[in-house]
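J.: My structure is below; once you've seen it, I'll send some questions.
Chains as they are written, first to last, in this note's numbering: chain A, 552 to 890; chain B, 2 to 241.
As structure tokens, this is what we get:
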């Protein structure tokens, strides 16, 4: 539904975006995350036809931005960053204006504005002047205009920016309600916002797409593919069990004093593969069973996405790092305090 | 029937003009200027003509048009609303024409003074309506051309003051220079005629005398279209 095909954008000598490709299916709610200046807004402008790419193409519902820009733009609803609006206009007049730009007839505009008044909570502000609205209400108006012409694709740039926690929650509910009805791409630099919402995350850094997959996959990639085990065995015995054939390292994890007393004989270890994309669980279980070491817990670790930007900073220092290595080039989750 | 994006943009811009003091200030100042230009000659025995007031208002359009056009696109660029506009299926040419159209409608308000003067003349004398209408047409044609140049200037900068100065320079410099050259005795006859043909001020003077030559509206239409085309190229460039 929303597809990027080798999208690149240069501003003179500056490479803002490089060879970004993905295809978002119908009805998906997808998050676009990355640090400030990573290229998120540039990517969204290319997808919505505000800008033309230096190379590549964007397709919205099959319509090419390069070949049929008018048709492609007609299929996408867009909320730019900071939700720019005309301050002298009234909310309903503004929505009618946007509807006219999309060729909507008067009856259709009225029907949709009535529907969006309920859905976006515009009832109290529908006849007010935009310039006198709060930031949160302006954001609602911005989202309403993006949904107005019932586009199959919706692109929202930082829709929760500047909102208080209550307003952010309402905005998230609104976005979730769109799932299944349209393909929604939401950018944010606040990971917690999209982590809770998205079926899929696109991570962009320094103009390159460094991750495309579900949030869980990203969390596991951030954890370096590590597996946490609780076994009744010494460190050396576990290391010996794991030594062949997988290229892994084993780290003991400290327990609290209370845990150490209640779990006498049991120890917790983190088994870390050299290849962070490898799923170690089956190998670890078999290796421990073969060595006759009692196992009572085996968990594939995942890290909070808040650590993503730290990971990207670490990876950025290694210019030869691959996207997966970039995400893996960070320290494993913090060790628990020693007993 | 589906709404026209050109008219949608023009309607919004007109709302912008009359939702802020700019249109009222500009039109009130022009009306006052028209009165100052007309009333001293509105005496018994004076010719029943709008020539002076129309000529003066056409010269004033060198300032009025840039004042009306400076915000058209630069304000969209400054506030970020251009990004939303650029992501709609509206063509760059439709954006430019819609905005110019709104400014042109607003600008037509400068005729309040000349029309009031014409009514006063009709009440107290027997004026010839042909030259009076030609004079008012000259005011409109000049203003619409200047507005097209102002729209082009407005697309070049996100700063309204810079857009204003660019427009004043872009329309003022050639208007004054060609007008001066058309009177220059050191130029040969054919060269002077060519310069007069390219001079906005001289074409307006011809029209205000009631000389109807198809080349005059053709000149204004083509130069207006040229500036609108240039503005479209700049707006299209901003979508790249």
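Each residue gets a CB set at the ideal place from its N, CA and C atoms; glycine is no exception.
Chain B partners of residue 683 of chain A, CB-CB under 7 Å?
T.: Result: empty, since nearest Cβ-Cβ is about 13 Å, beyond 7 Å.
J.: Helix or strand or just coil, what does DSSP make of residue 183 of chain B?
T.: If DSSP states are grouped into helix, strand and coil, residue 183 of chain B belongs with the helices.
J.: How far does the alpha helix (DSSP H) with residue 757 of chain A in it extend, from its first residue to its last?
T.: Per DSSP, residue 757 of chain A belongs to no alpha helix (DSSP H) and is neither H nor E.
J.: Tell me whether residue 145 of chain B is buried or exposed, calling it buried when 16 or more other Cβ atoms sit within 10 Å of its Cβ.
T.: It is buried - the Cβ of residue 145 of chain B has at least 16 other Cβ atoms within 10 Å.
J.: Residue 152 of chain B: which of B:66, B:85 and B:84 sits nearest, CA to CA?
T.: Looking at the Cα atoms, B:66 is the closest of the given residues.
J.: What residues in its chain sit with their C-beta under 7 Å from that of residue 595 of chain A, if we drop five residues either side in the sequence?
T.: Contacts found: 706, 708 and 738.
J.: Quick one: which chain B residues come within Cβ less than 7 Å of residue 625 of chain A?
T.: The contacting residues are 90.
J.: Considering just the uninterrupted stretch of the beta strand (DSSP E) at residue 43 of chain B, what are its terminal residues?
T.: Residue 43 of chain B -> no beta strand (DSSP E), and no H or E assigned at all.
J.: What does residue 593 of chain A touch in chain B if you count any residue whose Cβ is under 8 Å from its own?
T.: Those within 8 Å of residue 593 of chain A in chain B number zero; the least Cβ separation is about 12 Å.
J.: So which residues of chain B does residue 603 of chain A contact, with C-beta pairs closer than 9 Å?
T.: Simply 240 and 241.
J.: Taking Cβ positions only, does residue 84 of chain B come closer than 7 Å to chain A?
T.: Chain A contact via Cβ: present.
J.: Just checking, does the region 193–211 of chain B make contact with the region 133–142 of chain B on the three C-beta pairs under 8 Å criterion?
T.: Cβ pair count under 8 Å is three or more, so yes.
J.: The alpha helix (DSSP H) spanning residue 630 of chain A covers which residue range?
T.: Taken as a continuous stretch (DSSP letters only), residue 630 of chain A belongs to no alpha helix (DSSP H), being part of the beta strand (DSSP E) at 627–630.
J.: Quick check on residue 883 of chain A: does DSSP put it in helix, strand or coil?
T.: Below a pLDDT of 50, predicted positions are generally treated as unreliable, and residue 883 of chain A, at 40, falls in that range; no measurement from the model is reported.
J.: Among the candidates A:762, A:602 and A:730, whose CA atom is the shortest distance from the CA of residue 631 of chain A?
T.: Nearest C-alpha to residue 631 of chain A: A:602.
J.: List, in order along the chain, the chain B residues whose C-beta lies closer than 9 Å to that of residue 562 of chain A?
T.: Neighbours of residue 562 of chain A on chain B: none; closest Cβ ~11 Å, over 9 Å.
J.: Against residue 639 of chain A, what residues of chain B qualify as contacts under a CB-to-CB distance less than 8 Å, listed in chain order?
T.: In chain order: 16, 17, 20 and 21.
J.: Could you run through the region 160–194 of chain B and flag, in chain order, every residue whose CB is less than 9 Å away from some CB of chain A?
T.: Going along the region 160–194 of chain B in chain order, one finds no residue with a Cβ nearer than 9 Å to chain A.
J.: On the criterion of 16 or more Cβ atoms from any shown chain inside 10 Å, does residue 837 of chain A qualify as buried, or is it exposed?
T.: Answer is exposed; the Cβ neighbour count stays below 16.
J.: Less than 7 Å between the beta carbons of residue 192 of chain B and residue 183 of chain B, yes or no?
T.: No, they are not a contact pair.
J.: Taking only beta carbons into account, state which residues of the region 34–56 of chain B come closer than 8 Å to chain A, listed in chain order.
T.: Result list empty, no residue passes.
J.: In this structure, does DSSP put residue 223 of chain B in helix, strand or coil?
T.: Note: residue 223 of chain B maps to helix in three-state DSSP.
J.: Tell me, please, whether the CB atom of residue 3 of chain B is closer than 7 Å to any CB atom in chain A?
T.: Yes, residue 3 of chain B lies at the interface with chain A (some Cβ there is under 7 Å from its Cβ).
J.: By the 10 Å Cβ neighbour count, where 16 or more other Cβ atoms means buried, how is residue 647 of chain A classified, buried or exposed?
T.: Looking at its Cβ environment, which holds 16 or more other Cβ atoms inside 10 Å, residue 647 of chain A is buried.
J.: In this structure, how does DSSP classify residue 14 of chain B when only helix, strand and coil are distinguished?
T.: DSSP places residue 14 of chain B in helix when its eight states are reduced to three.
J.: Around the C-beta of residue 85 of chain B, are 16 or more other C-beta atoms found within 10 angstroms, so that it is buried, or is it exposed?
T.: The residue in question, residue 85 of chain B, is buried, as its Cβ has 16 or more Cβ neighbours within 10 Å.
J.: So, is residue 621 of chain A buried or exposed, given that buried needs 16 or more other C-beta atoms within 10 angstroms?
T.: Counting Cβ neighbours within 10 Å, residue 621 of chain A comes out exposed, since fewer than 16 surround it.
J.: In terms of alpha-carbon separation, which member of B:174, B:155, B:166 and B:128 lies closest to residue 73 of chain B?
T.: Here the closest residue by C-alpha is B:155.
J.: Should the region 82–102 of chain B be regarded as contacting the region 111–121 of chain B, the criterion being three or more beta carbon pairs within less than 8 Å?
T.: No: the two stretches stay apart, fewer than three of their Cβ pairs being nearer than 8 Å.
J.: Suppose you measure from the CA of residue 688 of chain A to the CA of residue 660 of chain A; what does that come to, to the nearest Å?
T.: If I take the Cα positions, the gap works out to 20 Å.
J.: Quick one: grab the DSSP three-state call for residue 888 of chain A.
T.: For residue 888 of chain A, the predicted structure reports a pLDDT of 37, less than 50, and the residue's modelled location is therefore unreliable. A value from the coordinates is still provided. Residue 888 of chain A: coil per DSSP, three-state reduction.
J.: Considering only the beta carbon of each residue, do residue 1 of chain B and residue 70 of chain B sit closer than 7 Å?
T.: It is not possible to answer for residue 1 of chain B, since the shown part of chain B is limited to 2 through 241.
J.: For residue 711 of chain A and chain B, any beta-carbon pair shorter than 7 Å?
T.: Chain B, which has no Cβ nearer than 7 Å to the Cβ of residue 711 of chain A, makes this no.
J.: Can you find a CB in chain A that lies within less than 7 Å of the CB of residue 13 of chain B?
T.: At least one chain A Cβ lies under 7 Å of residue 13 of chain B.
J.: Any Cβ of chain B within less than 7 Å of the Cβ of residue 702 of chain A?
T.: It does not; no Cβ of chain B falls within 7 Å.
J.: Quick one, are the C-beta atoms of residue 891 of chain A and residue 623 of chain A less than 7 Å apart?
T.: There is simply no residue 891 of chain A to check, as chain A begins at 552 and stops at 890 in what is shown.
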